[in-house]
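Student: Let me begin by handing over the structure; questions about it come next.
There are 2 protein chains.
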Amino acid sequence: MRQRDPKELFDRACHGDRPSLARAISYIERGEKQGDEIASFAFRSHRNAYTVGITGAPGAGKSTLTSSIIEVIRGHGEEIGVIAIDPSSPFSGGAILGDRVRMQEHALDPGVYIRSMATRGHLGGLSVAVPEAARLLGAVGFPSVIIETVGVGQVEVEIAREADTTVVVVNPGWGDAVQANKAGLMEIADVFIINKADRPGVRETRRDLEGMLDLSNLGDYRPPIVETVAADKKGCEEAWDAICSHRDYAKRSGLTDKRRSTRTRNELSRILEAMISNKVDLLLKNKGTLEMLDSMDAGTIDPRTLANLLLAAVT
Amino acid sequence: MRQRDPKELFDRACHGDRPSLARAISYIERGEKQGDEIASFAFRSHRNAYTVGITGAPGAGKSTLTSSIIEVIRGHGEEIGVIAIDPSSPFSGGAILGDRVRMQEHALDPGVYIRSMATRGHLGGLSVAVPEAARLLGAVGFPSVIIETVGVGQVEVEIAREADTTVVVVNPGWGDAVQANKAGLMEIADVFIINKADRPGVRETRRDLEGMLDLSNLGDYRPPIVETVAADKKGCEEAWDAICSHRDYAKRSGLTDKRRSTRTRNELSRILEAMISNKVDLLLKNKGTLEMLDSMDAGTIDPRTLANLLLAAVT
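In structure tokens form, the structure reads like this:
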């Protein structure tokens, strides 16, 4: 495919052209100029998808759960977009591939759009690229977008917590709920799902979660705990119901607007920092700077004084 | 103690006044203006301490080892500075306190200066404050400074790897060497120490380390592996010998100059990024900006366009 005009690409994607949508997301993922323009068009379209972040420890069954929830959503006749955050860890490659393959049961359904996103040189990384891509999916017409994280890295948790509804997936067994608490997942959960609930220890895990919720400073909303066996498609209708209940509560209470505002402001900070970092990198490669770096090696100018000089040069 | 002039404080510290040295490091730790000035004086003094970074998993016995190595150094009649990086984790508080108490055997020795450093609002954090404090210890006359990390967090490993010599401490037992490899410690080690070498599994751990070294792309220097039982002060003379051999090799081969140059350049980047981040934060609180943020919430301007506008305002 040849290089395309961003406006043309955006328009085609809005008219349902999937190859154009895929290419537009790739531009966003790679942080290319066309991607920036497409992200701006999407933002100004005022068509926002409802976003659901699904997070939890590796192996909790997030992909299987997502796949089963997609089936529930399709059963209601709604279209759905999915972004799978893939931090491209060389270690988890196999597992990711397996999960993606499992999700391929929806590959031929035109009402489902599944996309993996990795860090590919985007300024600000996935924490900027994913919300931009989610916004694009909304702009082209998807009413809802699921953002599924592979692990519980800092960036992934941050992205999941900025969704309209954040789902935390745990498994039965001693300590899993406690681990989720330690990883800071308790405070970001709007809905808890105990997946693989056909295994022993469900009651203890539920008790642990309830206990920790009792200790939390909850307002007028208490995150529900839903049990699923996603591999057998059990409990997924209830899981989606719980998610939609939070969506309705959040809209009614103004929480959705508040979160979207926070999300956009965080995005702005990240974009600014990335742009500035870029400027610093350029500055450090500048010929005049290289000479000053030599003076620093020689001990005649210290890093802080040099930083002030360089900063004065760009600001 | 009243507020002091940075030059006066620096001069007093150089003349052996320990309360002045302590206060100067506190200024550096808190990122105060006086600290910046003191760091500049130290840099321009051209008196560099030889720095040894000691890292390894929590519980490996790094503090006990450091304490025993201090004894060896003192036995040679040399003075020594120690910076213990303490990321102030609420979880490890007890262990840290215990370790610090153990190191107090040197508390009354005027030839030893031990200082814990935590993140206290320094712009750029410990990765800027620790090298600045180490440089100050060099400037006031310590020929060597040990930088001991509490854990193996990203910042701690980064600081340890930027020392003139980096020591990685492991324990005997299946998998400890493999864990060190996974945590990225193999590639940064100039000297390996198998501490608690009176426990079973020393031979296997040594074999694992040798095997991994065989697979590494080593130049003309192969990191030695030293066995210690630091609690019984066994092997610590050999450990210090191995460290000094690396020091001599690094000086001879030009590695020391190269590492110091890299370290200072990294410091410059971190200082620049911190300064710019600061500018961005101020900018976001500006009255004019607040109005633009409202436009962003209303969807009339997107984050990227706004970022460009704001950046144009400060650069």
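These protein sequence lines map, in sequence, to chains A and B. Read in order, the letters of the first sequence correspond to residues 1 to 315 in the numbering used here. Read in order, the letters of the second sequence correspond to residues 1001 to 1315 in the numbering used here. Glycine included, every Cβ here is placed at the ideal spot set by N, Cα and C. Being a predicted model, the structure only gives us computed values, none of them experimental.
Does the Cβ of F295 of chain A have 16 or more other Cβ atoms within 10 Å, making it buried, or fewer, making it exposed?
Tutor: Working through the first sequence from its first residue, we reach residue 295 of chain A at position 295. Note that residue 295 of chain A is Ser in the sequence shown, not Phe. It counts as exposed.
Student: So which residues of chain B does S261 of chain A contact, with C-beta pairs closer than 7 angstroms?
Tutor: Residue 261 of chain A sits at position 261 when you count from the first residue of the first sequence. Correct list: D1297.
Student: Kindly list, in the order they appear in chain B, the residues whose Cβ is closer than 7 angstroms to that of E267 of chain A.
Tutor: Along the first sequence, read from residue 1 onward, the residue named residue 267 of chain A stands at position 267. Neighbours of E267 of chain A on chain B, chain order: P1303.
Student: Got a sec, what are the start and stop residues for the alpha helix (DSSP H) E78 of chain A sits in?
Tutor: For this step, residue 78 of chain A is matched to residue 78 along the first sequence. Taken as a continuous stretch (DSSP letters only), E78 of chain A belongs to no alpha helix (DSSP H), as it is neither H nor E.
Student: For T1264 of chain B, which of B:T1149, B:R1012, B:I1054 and B:I1159 has the nearest alpha-carbon?
Tutor: Indexing the second sequence from 1 puts residue 1264 of chain B at position 264. Closest option to T1264 of chain B, Cα to Cα, is B:I1159.
Student: Whose C-beta lies closer than 8 angstroms to the C-beta of E210 of chain A among residues of the same chain, with five residues either side of it excluded?
Tutor: Mapped onto the first sequence, residue 210 of chain A falls at position 210. I225, listed in sequence order.
Student: List, in order along the chain, the chain B residues whose C-beta lies closer than 9 angstroms to that of E273 of chain A?
Tutor: Counting from 1 along the first sequence, the entry for residue 273 of chain A is found at position 273. Chain B residues near E273 of chain A: E1273, I1276, S1277 and V1280.
Student: What residue ranges within the stretch 156-181 of chain A form continuous beta strand (DSSP E) runs of no fewer than 3 residues, ordered along the chain?
Tutor: Here the runs fully enclosed are 165-170.
Student: Give the residues of chain A in contact with T1256 of chain B, contact being defined as C-beta atoms less than 9 angstroms apart.
Tutor: Position 256 of the second sequence, counting from 1, holds the residue named residue 1256 of chain B. Correct list: empty, because the minimum Cβ distance to chain A is about 12 angstroms.
Student: Give me, in chain order, the residues of the same chain whose beta-carbon lies closer than 8 angstroms to that of D1086 of chain B; leave out the 5 immediate sequence neighbours on both sides.
Tutor: In the second sequence, counting from the first residue as 1, residue 1086 of chain B sits at position 86. Same-chain partners within the cutoff: I1096, S1116, M1117, A1118 and V1150.
Student: For E1032 of chain B, does the three-state DSSP call read helix, strand or coil?
Tutor: As a first step, residue 1032 of chain B must be located in the second sequence, where it is residue number 32. In the structure shown, E1032 of chain B sits in coil (DSSP, three-state: anything other than H, G, I, E or B).
Student: Can you tell me the Cα-Cα spacing of E1079 of chain B and V1112 of chain B, whole angstroms?
Tutor: Your numbering for residue 1079 of chain B matches position 79 in the second sequence. Your numbering for residue 1112 of chain B matches position 112 in the second sequence. For E1079 of chain B and V1112 of chain B, the distance between alpha carbons rounds to 6 angstroms.
Student: Using a Cβ-Cβ distance under 7 angstroms, would G94 of chain A count as near chain B?
Tutor: Reading the first sequence from its first residue, position 94 is the one you call residue 94 of chain A. With a pLDDT of 35 at G94 of chain A, under the threshold of 50, the modelled position of this residue cannot be trusted, and the question is left open.
Student: Which of helix, strand or coil does DSSP assign to G1254 of chain B?
Tutor: The residue labelled residue 1254 of chain B in the question sits at position 254 within the second sequence. In the structure shown, G1254 of chain B sits in coil (DSSP, three-state: anything other than H, G, I, E or B).
Student: Which ranges does the beta strand (DSSP E) cover as unbroken runs of at least 3 residues, wholly within the stretch 1111-1149 of chain B, from first to last along the chain?
Tutor: Counting whole runs of 3 or more residues, the stretch 1111-1149 of chain B contains the beta strand (DSSP E) stretches 1112-1117 and 1144-1149.
Student: Looking only at its chain, what residues have a beta carbon closer than 7 angstroms to the beta carbon of S1089 of chain B, apart from the 5 residues adjacent to it on each side?
Tutor: Numbered from its first residue, the second sequence carries residue 1089 of chain B at position 89. Confidence at S1089 of chain B is low in this model, with a pLDDT of 39, below 50, so its placement is unreliable and the value that follows should be read with caution. Result list for S1089 of chain B: empty, nothing under 7 angstroms.
Student: Can you give me the C-alpha to C-alpha distance between Y1228 of chain B and G1059 of chain B, rounded to a whole angstrom?
Tutor: Residue numbering aside, residue 1228 of chain B sits at position 228 when the second sequence is read from its first letter. Residue numbering aside, residue 1059 of chain B sits at position 59 when the second sequence is read from its first letter. Position check: residue 1228 of chain B holds Thr in this sequence, whereas Tyr was assumed. So the alpha carbons of these two residues sit roughly 15 angstroms apart.
Student: Using only the alpha-carbon positions, how far apart do T1305 of chain B and A1239 of chain B sit?
Tutor: For the purposes of this step, residue 1305 of chain B is identified with residue 305 of the second sequence, where counting begins at 1. For the purposes of this step, residue 1239 of chain B is identified with residue 239 of the second sequence, where counting begins at 1. So the alpha carbons of these two residues sit roughly 57 angstroms apart.
Student: Hey, would you say N171 of chain A sits closer than 7 angstroms to K196 of chain A, going by beta carbons?
Tutor: Reading the first sequence from its first residue, position 171 is the one you call residue 171 of chain A. Reading the first sequence from its first residue, position 196 is the one you call residue 196 of chain A. Cβ distance < 7 angstroms, so N171 of chain A and K196 of chain A count as in contact.
Student: Quick one: what's got a C-beta closer than 6 angstroms to E1156 of chain B's C-beta in the same chain, skipping five residues either side?
Tutor: Translated into positions along the second sequence, residue 1156 of chain B becomes position 156. Once the five neighbours on either side are set aside, the close Cβ partners of E1156 of chain B are I1085 and T1149.
Student: Closer than 7 angstroms between beta carbons: that is the criterion. Which residues of the stretch 1030-1050 of chain B meet it against chain A?
Tutor: For the stretch 1030-1050 of chain B, which is checked against every Cβ of chain A, the residues closer than 7 angstroms are D1036, A1039, S1040, F1043, R1044 and H1046.
Student: Residues of the stretch 1129-1140 of chain B in Cβ contact with chain A at a cutoff of 8 angstroms, in chain order, please.
Tutor: Within the stretch 1129-1140 of chain B, no residue has a Cβ that lies closer than 8 angstroms to any Cβ of chain A.
Student: How many whole angstroms separate the CB atoms of R259 of chain A and D1302 of chain B, which I take to be in contact at a CB cut-off of 8 angstroms?
Tutor: Counting from 1 along the first sequence, the entry for residue 259 of chain A is found at position 259. Counting from 1 along the second sequence, the entry for residue 1302 of chain B is found at position 302. Rounded, the Cβ-Cβ distance is 18 angstroms, inconsistent with contact.
Student: Between which two residues does the alpha helix (DSSP H) holding E187 of chain A run?
Tutor: Taking the first residue of the first sequence as position 1, residue 187 of chain A is located at position 187. First-last for E187 of chain A: undefined, no H or E at that position.
Student: Whose C-alpha, out of A:I194, A:P200 and A:V169, is nearest the C-alpha of L185 of chain A?
Tutor: Taking the first residue of the first sequence as position 1, residue 185 of chain A is located at position 185. Among A:I194, A:P200 and A:V169, the Cα nearest to that of L185 of chain A belongs to A:V169.
Student: Name the chain A residues that come within less than 7 angstroms of A1307 of chain B, Cβ to Cβ?
Tutor: In the second sequence, counting from the first residue as 1, residue 1307 of chain B sits at position 307. Within 7 angstroms Cβ-Cβ: L268, I271, L272 and M275.
Student: Going by DSSP, name the residue or residues bridged to F10 of chain A.
Tutor: The sequence position of residue 10 of chain A within the first sequence is 10, counting from 1. Its beta-bridge partners do not exist; DSSP assigns none.
Student: Whole angstroms is fine: what's the gap from G1093 of chain B's alpha carbon to S1063 of chain B's?
Tutor: Start at 1 with the first residue of the second sequence, and residue 1093 of chain B comes out as number 93. Start at 1 with the first residue of the second sequence, and residue 1063 of chain B comes out as number 63. Its pLDDT being 35, under 50, G1093 of chain B is placed unreliably by the model, and the measurement read from it follows with that caveat. Looking at the two C-alpha atoms, the distance is approximately 14 angstroms.
Student: How many angstroms separate the CA atom of V193 of chain A from the CA atom of Y27 of chain A?
Tutor: Taking the first residue of the first sequence as position 1, residue 193 of chain A is located at position 193. Taking the first residue of the first sequence as position 1, residue 27 of chain A is located at position 27. Looking at the sequence shown, residue 193 of chain A is not Val but Ile. Their backbone Cα atoms lie some 34 angstroms apart in a straight line.
Student: Is the distance from the Cβ of A24 of chain A to the Cβ of F142 of chain A below 7 angstroms?
Tutor: Against the first sequence, residue 24 of chain A aligns to sequence position 24. Against the first sequence, residue 142 of chain A aligns to sequence position 142. Result no, Cβ atoms of A24 of chain A and F142 of chain A do not sit closer than 7 angstroms.
Student: Below 8 angstroms between beta carbons is the criterion; list the residues of the stretch 54-72 of chain A that meet it against any residue of chain B, in chain order.
Tutor: Against chain B - using a Cβ distance shorter than 8 angstroms - the stretch 54-72 of chain A contributes no residues.
Student: Establish whether the CB of T264 of chain A and some CB of chain B are separated by less than 7 angstroms.
Tutor: The count along the first sequence starts at 1 and reaches residue 264 of chain A at position 264. Closer than 7 angstroms to some Cβ of chain B, the Cβ of T264 of chain A qualifies, so yes.
Student: Roughly how many angstroms lie between the CA atoms of P1223 of chain B and D1190 of chain B, to the nearest whole one?
Tutor: Reading the second sequence from its first residue, position 223 is the one you call residue 1223 of chain B. Reading the second sequence from its first residue, position 190 is the one you call residue 1190 of chain B. Roughly 5 angstroms separates the two Cα atoms.
Student: Does the beta carbon of L213 of chain A sit closer than 7 angstroms to a beta carbon anywhere in chain B?
Tutor: Working through the first sequence from its first residue, we reach residue 213 of chain A at position 213. Answer no: the Cβ-Cβ gap between L213 of chain A and chain B never drops below 7 angstroms.
Student: CA-CA distance, K285 of chain A and M1275 of chain B?
Tutor: As a first step, residue 285 of chain A must be located in the first sequence, where it is residue number 285. As a first step, residue 1275 of chain B must be located in the second sequence, where it is residue number 275. Their backbone Cα atoms lie some 19 angstroms apart in a straight line.
Student: For R1207 of chain B, which residues of its own chain have a beta-carbon under 7 angstroms away from its beta-carbon, when the five flanking residues on both sides are left out?
Tutor: Within the second sequence, the letter at position 207 stands for residue 1207 of chain B. Same-chain partners within the cutoff: there are none.
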